[in-house]
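Colleague: According to the numbering used here, the sequence shown is numbered sequentially starting from 3.
Ideal placement from N, C-alpha and C gives every residue a C-beta, glycine not left out.
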Amino acid sequence: MIARILGAACAVILFAIPAPGFAAWKPAQPIRIIVPFAAGGPTDTVARIVAHEMADMLETPVYIDNISGGGGKTGVLRFLEDARDGHTLLMGHMGTHGAAPALNADLGYDPYKDFAPIGMAAGTPMVIAVARHIPARDLKQLGELLRKPGSKFRIAHAGRGSVSHAAALLFTSALSISPELVGYSGTGPALNDLVNGQVDVLIDQIVNIAPVVGTRKARPLAIVGDWRSNALPDVPTTRELGVEMKMDAWNGLFAKNGTPENQVATLHTALRYALDSPSVRARLIDLGASLPDEATGSPDALAHLVRDEVARWSAALFELRN
Ligand code: ASP
3 MIARILGAAC AVILFAIPAP GFAAWKPAQP IRIIVPFAAG GPTDTVARIV
53 AHEMADMLET PVYIDNISGG GGKTGVLRFL EDARDGHTLL MGHMGTHGAA
103 PALNADLGYD PYKDFAPIGM AAGTPMVIAV ARHIPARDLK QLGELLRKPG
153 SKFRIAHAGR GSVSHAAALL FTSALSISPE LVGYSGTGPA LNDLVNGQVD
203 VLIDQIVNIA PVVGTRKARP LAIVGDWRSN ALPDVPTTRE LGVEMKMDAW
253 NGLFAKNGTP ENQVATLHTA LRYALDSPSV RARLIDLGAS LPDEATGSPD
303 ALAHLVRDEV ARWSAALFEL RN
């Protein structure tokens, strides 16, 4: 407890002492974080977890506003309209600031030029999960099921350009199959339909899949990529299973391009304060997320990540975008 108080005191002192050349920025009203997906998804989960501690540091309420639609595009465009008030932020991710430009010819925003990155919030590995009615016990059996002539399977995702949409395209391309892809306003509603058997497969960020798997309401078949997850330690990776599929999902906080530097610096300090909080770290790590350190969590690091991700996904998805 003492460490927490000292930590907070140091953070408040840090907050109060403007960085060289900066006057400290103090919010004049509550801060709104737009989550461009329905409540109950990973973007919403990460945003709500960090918002609580950011409010503590900024000494002002920080609330979440879910504006869904278009795979995240609707919420992003609303953010760009409303952010002039200087107190509206966006919780974006590998979809809105990575895959979406490759999957939406008329995206309506530039994921690099239109934003002032504040910092990475969490890395969120992807899980390939199936509904309980699917008789596949592993990825090989799922592939055989999906390849069966005449099979009618439905893969859920959170809208064109979302992380789960990009994952579904990579997965179906890796298996050379073309099942029906069913779009939702976010992982929350998609996961509900996976649990109640309306859809068959969902490939999405672990922070919401792990709890559902924990209550045996869906079955995980693989973690996408090379590394197993502490949240689902017995689930093999696609690499172990010989399926060529790599993607590292993440969530990051953004202000609008043109936001004064001292404001970005203060918001970054508040995000770091949240991510250094033992309760936030414990909750996110328990859910399978990985947390950035000061270097990988800096505004510059997020700016470079967005540039790399947009380039990577435009190459990876170009032939899959139709
Ligand atoms: N991350 C989105 C959500 O939180 C879903 C997605 O991008 O697939 O709902």
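Is Gly71 near the ligand ASP - that is, is its Cβ less than 7 Å away from at least one heavy atom of it?
Modeller: Answer for Gly71: no, Cβ out of range of the ligand ASP.
Colleague: Between Gly43 and Lys258, what straight-line distance do the alpha-carbon atoms span, to the nearest angstrom?
Modeller: Each residue's alpha carbon lies about 23 Å from the other.
Colleague: What does the alpha-carbon distance come out to for the pair Ala224 and Pro262?
Modeller: Whole-angstrom Cα-Cα distance: 43 Å.
Colleague: Since Leu272 and Met96 are thought to touch, with beta carbons under 8 Å apart, how far apart are those beta carbons, to the nearest angstrom?
Modeller: The question names Leu, yet the displayed sequence has Ala at residue 272. The Cβ separation is near 23 Å, so there is no contact.
Colleague: In or out: Arg221 buried (at least 16 other Cβ within 10 Å) or exposed?
Modeller: Buried: at least 16 other Cβ atoms inside 10 Å.
Colleague: What did DSSP end up calling Ile19 once you bin it into helix, strand or coil?
Modeller: Because the pLDDT at Ile19 is just 45, under 50, the model does not fix this residue reliably, and the value given afterwards should be weighed accordingly. Three-state DSSP puts Ile19 in coil, outside helix and strand.
Colleague: When you compare the CB positions of Gly163 and Asn106, do they come within less than 8 Å of one another, or not?
Modeller: Yes.
Colleague: Closer than 7 Å: is that where the CB of Thr45 sits relative to any heavy atom of the ligand ASP?
Modeller: Flag set: Cβ of Thr45 near the ligand ASP.
Colleague: Over the uninterrupted beta strand (DSSP E) stretch that includes Arg34, give me the two end residues.
Modeller: Per DSSP, Arg34 belongs to the beta strand (DSSP E) from 33 to 37.
Colleague: By Cβ distance below 7 Å, which residues in the same chain neighbour Ala317 in space, the five residues on each side in sequence not counted?
Modeller: Cβ within range, chain order: n/a, list empty.
Colleague: Is the beta carbon of Asp195 within less than 7 Å of some heavy atom of the ligand ASP?
Modeller: No, since every heavy atom of the ligand ASP falls outside the 7 Å radius drawn around the Cβ of Asp195.
Colleague: Are three or more beta carbon pairs between the region 227 to 237 and the region 73 to 85 nearer than 8 Å?
Modeller: As far as the Cβ criterion goes, the region 227 to 237 does not touch the region 73 to 85, which means the pair count is below three.
Colleague: Do you know offhand how far Lys28's Cα is from Val266's?
Modeller: Each residue's alpha carbon lies about 11 Å from the other.
Colleague: Mind checking whether the beta-carbon of Val165 lies closer than 7 Å to any heavy atom of the ligand ASP?
Modeller: The answer is yes for Val165.
Colleague: According to DSSP, simplified to helix, strand and coil, what is Gly190?
Modeller: The answer is helix: DSSP assigns Gly190 an H, G or I state.
Colleague: At the level of alpha carbons, what is the spacing between Glu242 and Ala176?
Modeller: Approximately 15 Å between the Cα atoms of the pair.
Colleague: Which whole-angstrom value describes the C-beta separation of Pro301 and His270, a residue pair presumed to lie in contact below a C-beta threshold of 8 Å?
Modeller: With a Cβ gap of about 6 Å, Pro301 and His270 count as contacting.
Colleague: Please say whether Val64 and Val282 have beta carbons closer to each other than 8 Å?
Modeller: Not in contact: Val282 and Val64 (Cβ atoms no closer than 8 Å).
Colleague: Would you kindly report the start and end of the unbroken alpha helix (DSSP H) that includes Gln143?
Modeller: Looking at the DSSP string, the run of the alpha helix (DSSP H) that includes Gln143 is 141 to 149.
Colleague: How long is the line joining the alpha carbons of Ala124 and Val37, rounded to whole angstroms?
Modeller: So the alpha carbons of these two residues sit roughly 15 Å apart.
Colleague: Taking 7 Å as the cut-off, is the C-beta of Gly94 nearer than that to any heavy atom in the ligand ASP?
Modeller: It does not: the Cβ of Gly94 is nowhere closer than 7 Å to a heavy atom of the ligand ASP.
Colleague: Is Thr174 near the ligand ADP, with its Cβ less than 7 Å from a heavy atom?
Modeller: Here the bound small molecules are the ligand ASP; the ligand ADP is not part of this structure.
Colleague: Could you tell me which residues DSSP puts in a beta bridge with Trp252?
Modeller: According to DSSP, which records beta bridges pairwise, Trp252 is partnered with Gly125.
Colleague: Beta-carbon within less than 8 Å of Val201's beta-carbon, same chain only, minus the 5 sequence neighbours each way: which residues are those?
Modeller: Counting only Cβ-Cβ distances below 8 Å, and skipping sequence neighbours, we find Ala133, Arg156, Ile157, Ala158, Val184, Ala192, Asp195.
Colleague: Taking the alpha-carbon of Asn68 as reference, which of Asp46, Arg86, His54 has the nearest alpha-carbon?
Modeller: It is Asp46.
Colleague: Using a Cβ-Cβ cut-off of 6 Å (strictly less than) and excluding sequence neighbours within five positions of Asp84, which residues of its own chain qualify?
Modeller: Only Thr90 meet the Cβ criterion.
Colleague: Just to check, is the beta-carbon of Ala220 closer than 7 Å to a non-hydrogen atom of the ligand ASP?
Modeller: No, the beta carbon of Ala220 sits no closer than 7 Å to any heavy atom of the ligand ASP.
Colleague: According to DSSP, is Arg221 part of a helix, a strand, or is it coil?
Modeller: Correct three-state label for Arg221: strand.
Colleague: Are the Cβ atoms of Ser166 and Ala160 separated by less than 8 Å?
Modeller: Going by C-beta atoms, Ser166 is nearer than 8 Å to Ala160.
Colleague: Grouping DSSP H, G and I as helix and E and B as strand, with all else coil, what is Asp310?
Modeller: Helix.
Colleague: Leaving out five residues before and five after Gly94 in sequence, what residues of the same chain have Cβ atoms less than 6 Å from its Cβ?
Modeller: So the list reads Gly254, Phe256, once near-sequence residues are dropped.
Colleague: Would you mind stating whether Leu289 and Val209 have Cβ atoms separated by less than 8 Å?
Modeller: Against a cut-off of 8 Å, the Cβ pair of Val209 and Leu289 comes out as a contact.
Colleague: Please state the DSSP three-state secondary structure of Tyr65.
Modeller: Looking at Tyr65 - three-state DSSP - the assignment turns out to be strand.
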